[in-house]
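J.:
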Amino acid sequence: MMRKIFFVVLAFFVYQSGYAQSKLQSNMFLRTFANGLDVLVIEDNSVPLATIEITCKNGSYTESPEFNGLSHLYEHMFFKANKDYPSQESFLDRVSELGMNFNGSTSEEKVNYYFTLPKFNLNEGLKFMNSAIRYPTFDAEEMKKENIVVDGEFQRQESNPFFALNNEMDKRLWGSLYSRKNGIGDHQVIRNATPAQMDSIKNKYYWPNNSMLTIAGDVDHNSVFQQVQAVFGDWKASPFDPFKKWPIPEFKPLQKSDYFVAESKLANVPIFMISWQGPDT
């Protein structure tokens, strides 16, 4: 139900774009391009930097158990080889040349990736983002290497006794749809992931009409819109709505209250936790 409401609100927002534009802060400018890509520019000249971030509607809520964690793995692979930078070394060399800092995150309903760089490299940064979002190459050996990094993330999470408590709570709250709420994913699924699975995710969700590009920093919005059009204008829109083609299942309401005790040898003090299913979760 929440998803249906979101699309109705989005349709109204696009239709009323002129009205919505006037409601943005004076340094914010929003435009939807012909291919459906939403572009938000935030002008802030406090430091001579610019950040380029792309956000896609994807995350654990799209993941059945056999895919749980692959949006998370995709985040790691985003910052590796692509058509224009065919190796991890060439990718990182270009990062260094442009003076960039980069990172990303994966949550239940969105994935986002960003580059921060000196403002005079903005156009080259847009081209670099275009290469990463549109033309990734998923090398099986690189995916195996990335398991070491993912292993470290799991170890950090599992070293916190709250992780075991929260994980068990989610399993009881969401039942058979637990994977849709498990952002970090299933460790074994990630370890066994294939390039074909990564391509499957890209082909479902990584489209301009399922994404928002945000550029913030010491920039001029008119110039940015022109540069975005030049770089991303030929990115073709998806011919389908992924959330109609692969619907997100509705969560079943809990039938009764429940309680449990999660034990951890890592815990020094007890933690008491109460959780509810929210409306339309």
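In the working numbering, the protein residues as written are 16 to 296.
Where is the CB? At the ideal position from N, CA and C, for every residue including glycine.
Rounded C-beta distance between Ile-286 and Leu-180? I'm assuming under 8 angstroms.
T.: 6 angstroms
J.: Given 7 angstroms as the limit, tell me if Ile-289 has its C-beta closer than that to any heavy atom belonging to the ligand GTP.
T.: Absent from the structure shown: the ligand GTP. Ligands present: none.
J.: With DSSP collapsed to three states, give me the class of Trp-291.
T.: coil
J.: Just verifying my parser: in three-state terms, what is the DSSP assignment at Pro-151?
T.: strand
J.: Going by beta carbon distance, what residues of the same chain come within less than 6 angstroms of Val-23, once the five residues before and after it are set aside?
T.: Note that Val-23 scores 42 on pLDDT, short of 50, meaning its location in the model is unreliable and no value can be drawn from it.
J.: Once DSSP output is grouped into helix, strand and coil, what is the label at Leu-281?
T.: coil
J.: In terms of residue numbering, what span does the beta strand (DSSP E) encompassing Pro-133 cover?
T.: Secondary structure note for Pro-133: its beta strand (DSSP E) is the uninterrupted segment 126-133.
J.: Measure the beta-carbon distance from Met-227 to Thr-70 and round it to whole angstroms, keeping in mind my assumption that it falls under 8 angstroms.
T.: Approximately 5 angstroms separates the beta-carbon atoms of Met-227 and Thr-70; this is inside 8 angstroms, confirming the contact.
J.: Along the alpha helix (DSSP H) that carries Asp-214, what are the first and last residues, could you check?
T.: 210-220
J.: Quick check on Phe-117 - is its C-beta less than 8 angstroms from some C-beta in chain D?
T.: This model lacks chain D altogether; it includes just one protein chain.
J.: Can you tell me the Cα-Cα spacing of Arg-187 and Gly-293, whole angstroms?
T.: 14 angstroms
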